[in-house]
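**Student:** Questions regarding the structure given below will be posed in turn.
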Amino acid sequence: MLTPVFWCVLLLAAFRTIAQPMTLRLRLDQGEEETFLQEIGDFNLRPFAFQDGEMEFRVAGRQGVDSLCRDLLLYFRERSFLAASVDSLEIDTSERVATAAFYVGPALHWVSLRTGTMNKNGWMERAGFREKHFAGKPLRHDALLAMQTRLLEYAENHGYPFAQVWLDSIRIGEGGGAEAVLQVDRKRLVTYKRLKINGDVRLPPAFLPNYLGLKPGSPYSRAQVLQLRDQLRSLLFVEQTGNPTVTFSENEATINLYLKKKRASRFDFIIGLLPQPDAEDGKLLLTGTLSAAFQNALSLGERFAAEFERLRPETQKLDVQAGVPYLLGTPFGLDGRLNIFRRDSTWVDAQGDIGVQYFFPGGDYLKFLWENKRSSLQKVDTLAVLQTRRLPANLDLRQNGFGLEAALNRLDYRFNPRKGWSLLLKVVAGFNTVQRNSLIENLRDPAEPGFRFASLYDSIAGREARFRLESRAQVFIPLFQRSTVLLGLRGSGIFSGKPVFNNEQYRLGGNKLLRGFDEESLFATRYVVATAEWRLLLGLNSYLAAFADYGYLENVTNRTEIYQHPFGFGAGLNFETQAGIFGISLAVGSRDKGQAVDFRALKFHLGYVSLF
672 MLTPVFWCVL
682 LLAAFRTIAQ
692 PMTLRLRLDQ
702 GEEETFLQEI
712 GDFNLRPFAF
722 QDGEMEFRVA
732 GRQGVDSLCR
742 DLLLYFRERS
752 FLAASVDSLE
762 IDTSERVATA
772 AFYVGPALHW
782 VSLRTGTMNK
792 NGWMERAGFR
802 EKHFAGKPLR
812 HDALLAMQTR
822 LLEYAENHGY
832 PFAQVWLDSI
842 RIGEGGGAEA
852 VLQVDRKRLV
862 TYKRLKINGD
872 VRLPPAFLPN
882 YLGLKPGSPY
892 SRAQVLQLRD
902 QLRSLLFVEQ
912 TGNPTVTFSE
922 NEATINLYLK
932 KKRASRFDFI
942 IGLLPQPDAE
952 DGKLLLTGTL
962 SAAFQNALSL
972 GERFAAEFER
982 LRPETQKLDV
992 QAGVPYLLGT
1002 PFGLDGRLNI
1012 FRRDSTWVDA
1022 QGDIGVQYFF
1032 PGGDYLKFLW
1042 ENKRSSLQKV
1052 DTLAVLQTRR
1062 LPANLDLRQN
1072 GFGLEAALNR
1082 LDYRFNPRKG
1092 WSLLLKVVAG
1102 FNTVQRNSLI
1112 ENLRDPAEPG
1122 FRFASLYDSI
1132 AGREARFRLE
1142 SRAQVFIPLF
1152 QRSTVLLGLR
1162 GSGIFSGKPV
1172 FNNEQYRLGG
1182 NKLLRGFDEE
1192 SLFATRYVVA
1202 TAEWRLLLGL
1212 NSYLAAFADY
1222 GYLENVTNRT
1232 EIYQHPFGFG
1242 AGLNFETQAG
1252 IFGISLAVGS
1262 RDKGQAVDFR
1272 ALKFHLGYVS
1282 LF
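Going by the working numbering, the first residue of the sequence shown is number 672, and it counts up by one from there.
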């Protein structure tokens, strides 16, 4: 029986044999020693001896010999010594010595690299090839390979998936000058024939070709095909059952999609009970949010959403959105929105807009819109007007304007991205008109019966130009394998030669913007909010987050001039359910710099996340 001691001795002996060093002697041709020593400076292993045209290296066994020879060849060929070679390798195992002849050869350089006769209409120049980028430059294999790859990719993405690229008429002079002809055979032009949908998804025939940018008759693009899976993931009403495939038939390509219908409509509500502030009998106030969303319910690719919100006494908000893309098979669509806001029995805002969208492949769009807003006072403090002879801070208003909205999206997945960026920009120009209120105009002051309260409107009568700019930018930076960092910037502003009234302000705070504050508890005429957020991605539509929001707010109206720097931070969780994506967040905030954060005023936000 072999003892454990025997096995240990055997393993140690084997390890010693493997680990024993060897000497590799490389013989150089006469005149190449100086070139070898000049070029070897950046190599990871230096020779420990040089004598009579031989370089000696210390390596670890036979494998070290092979590895060093391979690395030296790669090292010199990357430096334009493409003729470098190792010959006549001999190994003396008893002396632990290996000898070989190393040929460096001349450093090659381009005299000229020309395009061939197949370069029709400057096609290779459009793909990025320039003769001047090679003439007189070192002949580097990696640079040549990169250019060949670039030409092939350009061909594959412009209708020539079977193109070939090669070097022809190669000549190398005695001094290492190289001449060659770069040839391209594009083969046949391939165009899209159709999109073939395998599954039970019902959509207008032009919807997917427009959305994916794969219109029949357009040139085939391999890059487009590789993007299909990510593009389809952003459509909430379809689910992919397999990877897209391509079928080539002569000069046409058929794209095969494997899709099934996915339930994308939802209805949800959140209900809360709060004590009424002025109730002596302990009555409770019912608050909450009721929302519904429908996508592709009519098999038109349309979307519809409605939300009713009552989170504070006597304050309600109704928001309705609808849109239909790719009307009559064109890239154009219609989009509309209605928003009604009632504030504490003081005023009611009714704002609507309708727009025509032009869609680019992937969902990017440019929208031309018309916007109308009416703000009506429900209650006027006539006593304050009588005493001060000043109009109230809130006035009856009417606004009309036209605008442009553009959206760009380069996220890897729109609803829970890991990398990429997105940008939204909206510009509206219009007119603001103050409407006269009969309750104010009909006031009479017994102490001065001759004073006309209607004259208070004289200084603000007529139309006043109003400009509004709104923007939102996001960048997602991947971090490790399952996390990302979001850097966001969002800003809006009202620009006018006349003061802005209270019921024109932006309402900020809450789960959508500036977390850590009550819903719509901050007011501004101009604002910028920066966001930094770390996300741990738990699933396709789920993540855990830690965030911080910092803002700069200007609230300059006909009565106030306030500047604030609110700050909020917290953590949140989004997780996917059968009904949709549910979000929970906890946050605290400070209204201005210098004010301490009140950790007792923790804000708890929850609700479904809109995917529109």
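No residue lacks a Cβ here, since even glycine has one placed at the ideal position from N, Cα and C.
Consult DSSP for residue 676 and reduce its assignment to one of helix, strand or coil.
**Tutor:** Reliability fails at residue 676, whose pLDDT of 46 lies under 50, so the model's placement of it is uncertain and no value is given.
**Student:** Check each candidate in 1096, 1067 and 1069 and name the one with the smallest Cα separation from residue 1080.
**Tutor:** 1096
**Student:** Residue range of the beta strand (DSSP E) that residue 812 falls in?
**Tutor:** From DSSP, residue 812 is part of no beta strand (DSSP E) but of the alpha helix (DSSP H) over 812-827.
**Student:** If you draw a straight line from the alpha carbon of residue 679 to that of residue 1087, how long is it in whole angstroms?
**Tutor:** Low per-residue confidence applies at residue 679: pLDDT is 45, beneath 50, and the placement is therefore not dependable, though the value from the model is reported in the following sentence. If I take the Cα positions, the gap works out to 56 Å.
**Student:** Excluding the five sequence neighbours on either side, which residues of its own chain have a C-beta within less than 6 Å of the C-beta of residue 1033, listed in chain order?
**Tutor:** Excluding positions up to five away in sequence, the list reads 902.
**Student:** Identify the residues that DSSP records as bridge partners of residue 1171: which are they?
**Tutor:** As DSSP reads the structure, residue 1171 sits in a beta bridge with 1228.
**Student:** Check whether the Cβ atoms of residue 1216 and residue 1239 sit closer than 8 Å, and answer yes or no.
**Tutor:** no
**Student:** Applying the 10 Å Cβ sphere with the 16-neighbour rule, what's the burial state of residue 980?
**Tutor:** A residue is called buried once 16 or more other Cβ atoms fall within 10 Å of its Cβ, and residue 980 is buried on that count.
**Student:** Does DSSP put residue 1078 in a helix, a strand or coil?
**Tutor:** In the three-state reduction of the DSSP assignment, residue 1078 falls in the strand class, which pools E and B.
**Student:** For residue 736, which three-state DSSP category applies?
**Tutor:** helix
**Student:** Can you find the residues in the same chain that come closer than 6 Å, C-beta to C-beta, to residue 1038, ignoring five residues on each side of it along the sequence?
**Tutor:** 1026, 1028 and 1076, listed in sequence order.
**Student:** Specify, as a first and last residue, the run of the beta strand (DSSP E) that residue 1155 falls within.
**Tutor:** 1154-1166
**Student:** Identify whether residue 1266 lies in helix, strand or coil by the three-state DSSP scheme.
**Tutor:** Coil at residue 1266, not helix or strand.
**Student:** Relative to the C-alpha of residue 827, which residue among 924, 910, 1245 and 761 is closest?
**Tutor:** 924
**Student:** Report yes if the CB atom of residue 794 is closer than 8 Å to the CB atom of residue 849, and no otherwise.
**Tutor:** no
**Student:** Within the same chain, show all residues whose beta-carbon is closer than 8 Å to that of residue 1191, passing over the 5 residues directly before and after it, in chain order.
**Tutor:** 1178, 1179, 1180 and 1181
**Student:** Return helix, strand or coil for residue 1058, following the three-state DSSP convention.
**Tutor:** helix
**Student:** Check each candidate in 778, 1099, 805 and 836 and name the one with the smallest Cα separation from residue 788.
**Tutor:** 836
**Student:** Run the CB neighbour count on residue 1172, radius 10 Å, all protein chains shown included, and call it buried at 16 or more, exposed below.
**Tutor:** buried
**Student:** Among 1054, 1041, 1056 and 1065, which residue has its Cα nearest to the Cα of residue 1047?
**Tutor:** Distance check between residue 1047 and each of 1054, 1041, 1056 and 1065 places 1065 closest, using alpha-carbon atoms only.
**Student:** Tell me the rounded alpha-carbon separation between residue 1084 and residue 940.
**Tutor:** Distance from the CA atom of residue 1084 to the CA atom of residue 940, rounded to whole angstroms, is 27 Å.
**Student:** Bridge partners for residue 1025 per DSSP, in chain order?
**Tutor:** 1007 and 1041
**Student:** Ordered along the chain, which non-local residues of its own chain (more than five positions away) have a Cβ less than 6 Å from that of residue 1219?
**Tutor:** 1203 and 1240
**Student:** Measuring alpha carbon to alpha carbon, tell me which residue in 1052, 695, 725 and 779 is nearest residue 738.
**Tutor:** Out of 1052, 695, 725 and 779, 695 has the C-alpha closest to the C-alpha of residue 738.
**Student:** First and last residue of the alpha helix (DSSP H) that includes residue 726?
**Tutor:** Element bounds for residue 726: not the alpha helix (DSSP H) but the beta strand (DSSP E), 725-731.
**Student:** Between the Cα of residue 1108 and those of 1183, 1128, 1117 and 1118, spot the shortest distance and give me the residue it belongs to.
**Tutor:** 1128
**Student:** Report the start-end ranges of each alpha helix (DSSP H) in the segment 863-889 that is 4 residues or longer and not cut off at the edges.
**Tutor:** 878-883
**Student:** Ignore the nearest five residues each way along the sequence and tell me which others in residue 886's own chain have a CB closer than 8 Å to its CB.
**Tutor:** If the five residues before and after residue 886 are omitted, its C-beta is found closer than 8 Å to the C-beta atoms of 863 and 880, all from its own chain and listed in chain order.
**Student:** So what's residue 789 in DSSP terms, helix, strand or just coil?
**Tutor:** Reduced to three states, the DSSP call for residue 789 is coil.
**Student:** Can you tell me whether residue 960 is buried or exposed? The criterion is at least 16 other CB atoms within 10 Å of its CB, across all chains shown.
**Tutor:** buried
**Student:** Less than 6 Å between C-beta atoms, sequence neighbours within five positions excluded: which residues of the same chain meet that for residue 1345?
**Tutor:** This structure cannot speak to residue 1345, because the chain is shown only from 672 to 1283.
**Student:** Could you tell me the boundaries of the beta strand (DSSP E) in which residue 854 lies?
**Tutor:** Start and end: 848-856.
**Student:** Could you check the C-alpha separation between residue 1118 and residue 1260 for me, to the nearest Å?
**Tutor:** 49 Å
**Student:** Just to check my reading of the structure: residue 1135 and residue 1167 have Cβ atoms closer than 8 Å, yes? What is that Cβ distance to the nearest angstrom?
**Tutor:** 6 Å
**Student:** Express the C-alpha separation of residue 725 and residue 743 in angstroms, rounding to a whole number.
**Tutor:** 15 Å
**Student:** Going by the beta-carbon positions, is the gap between residue 1016 and residue 987 smaller than 8 Å?
**Tutor:** no
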